[in-house]
Each structure stands twice: as C-alpha cells, then as structure tokens.
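Have a look at the structure below before the remarks.
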Amino acid sequence: MSDCIFCAIVDGDIPGRIVHETEHTLAFLDANPLAPGHTLVVPKEHHARLDEVPADAAADLFAAVNDLVPRVEAAVDADATNVGINNGPAAGQEVDHVHVHIVPRFEGDGGSPIHAVAGERPDLSDEELDDIEAAISG
3 MSDCIFCAIV DGDIPGRIVH ETEHTLAFLD ANPLAPGHTL VVPKEHHARL
53 DEVPADAAAD LFAAVNDLVP RVEAAVDADA TNVGINNGPA AGQEVDHVHV
103 HIVPRFEGDG GSPIHAVAGE RPDLSDEELD DIEAAISG
C-alpha cells in the first residue's frame, strides 16, 4: 500500500532500525517508543486487521514475537514486557497495518496492566456470558 509507513519500511523506502527479519515478518524499533526497546513486529504484506493475515504469515508473525520478547527484555534489562495488538481504529490502531507491540516494562515505571486499556469494565450476567461463550465457540 503506497501510503502505509510500515509498508515503506518493509520496502526500504524509509529507514527503520531493523532487529529481525524472516520471509513473512519484519521487526523494528518503534520511532515513538513508550519505553527503551519498544519493538514493532509486522507482516511484510499489508493487512489492516489480524483476521486478514494468512495463516502461514500469522504463524511466522507470532513465532517472531515469541523469539523477540526475551531478546528485547535482555537488550534493555527489562523486568517484563507488555505484548499487544490494537486491532482496528476503535481499539486504538493508528497505522492501518497489523503490528504487534513489544513494550519493555520496568519495576516502578508507572505503567498499567493490560486491563487498564479498555476503560470501565462491564457488569455481565451469567446469561450474557453464556451467550457470548456460545457465539464465540460457534
């Protein structure tokens, strides 16, 4: 996609600090990091949403994340990491290209757990939970 910044990095049209590359996946340091070592892992082909990524590319994407998490933590002496995907604009996705964030975390860094992302928690009844379970499981 011609106006996608991640596609431009994949194509080498703009520079990126590349830390990992496979046939289907590229990983690079975030230009606007939330923490030292904040890394983005993207499929090389342009896909806006996670469910659009073909199975082989998705497997490669998550294998890269699995490989990179301990390497990122070690590189910046992080105590832990948050790994996340904003899947669609309503979820906060700012670049219309699937990307996985690996954000190093440090004791006392002031960050919040992943549960802080969604705002106010719903109060769901057992019936509502049963309906959701059935809808997801098919």
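First residue of the sequence shown: 3, per this note's numbering; consecutive thereafter. From the three backbone atoms N, C-alpha and C, an ideal C-beta is built for every residue, glycine too.
**Request:** Please look up how many angstroms separate the CB atoms of residue 52 and residue 100, rounded, as I've assumed it's under 8 Å.
**Result:** Stepping through the sequence shown from its first residue, residue 52 is reached at position 50. Stepping through the sequence shown from its first residue, residue 100 is reached at position 98. Contact flag correct, Cβ pair sits at about 6 Å.
**Residue environment, residue 104, which counts as buried when at least 16 other CB atoms sit within 10 Å** = Within the sequence shown, numbered from 1, the residue matching residue 104 stands at position 102. Buried.
**Request:** With a threshold of 7 Å, establish whether the CB of residue 140 neighbours any heavy atom of the ligand PLP.
**Result:** Inclusion of the ligand PLP in the displayed structure is not the case, the ligand content being empty and no account of it being possible.
**Message:** So, with DSSP's three-state summary, where would you put residue 72?
**Reply:** Within the sequence shown, the letter at position 70 stands for residue 72. If DSSP states are grouped into helix, strand and coil, residue 72 belongs with the helices.
**Request:** Pull up the CB-CB distance for residue 23 and residue 62, whole angstroms please, since I reckon it's below 8 Å.
**Result:** Reading the sequence shown from its first residue, position 21 is the one you call residue 23. Reading the sequence shown from its first residue, position 60 is the one you call residue 62. The Cβ separation is near 11 Å, so there is no contact.
**Item:** Residue closest to residue 116, alpha-carbon to alpha-carbon, out of 137, 130, 83
**Value:** Taking the sequence shown and counting its residues from 1, the one referred to as residue 116 is at position 114. Ranking the options by Cα distance to residue 116, first place goes to 83.
**Request:** Go through its chain and collect everything with a Cβ distance to residue 58's Cβ below 8 Å, but skip five positions before and after it.
**Result:** Taking the first residue of the sequence shown as 1, we reach residue 58 at position 56. Hits under 8 Å: 26.
**Asked** Roughly how far, in whole angstroms, is the beta-carbon of residue 8 from the beta-carbon of residue 43, given that I think they are within contact range, below 8 Å?
**Response** Within the sequence shown, residue 8 is the residue found at index 6, counting from 1. Within the sequence shown, residue 43 is the residue found at index 41, counting from 1. Not confirmed; about 10 Å, so no contact.
**Asked** Ends of the beta strand (DSSP E) at residue 29?
**Response** In the sequence shown, the residue the question calls residue 29 occupies position 27. 27 to 31 is the extent of the beta strand (DSSP E) around residue 29.
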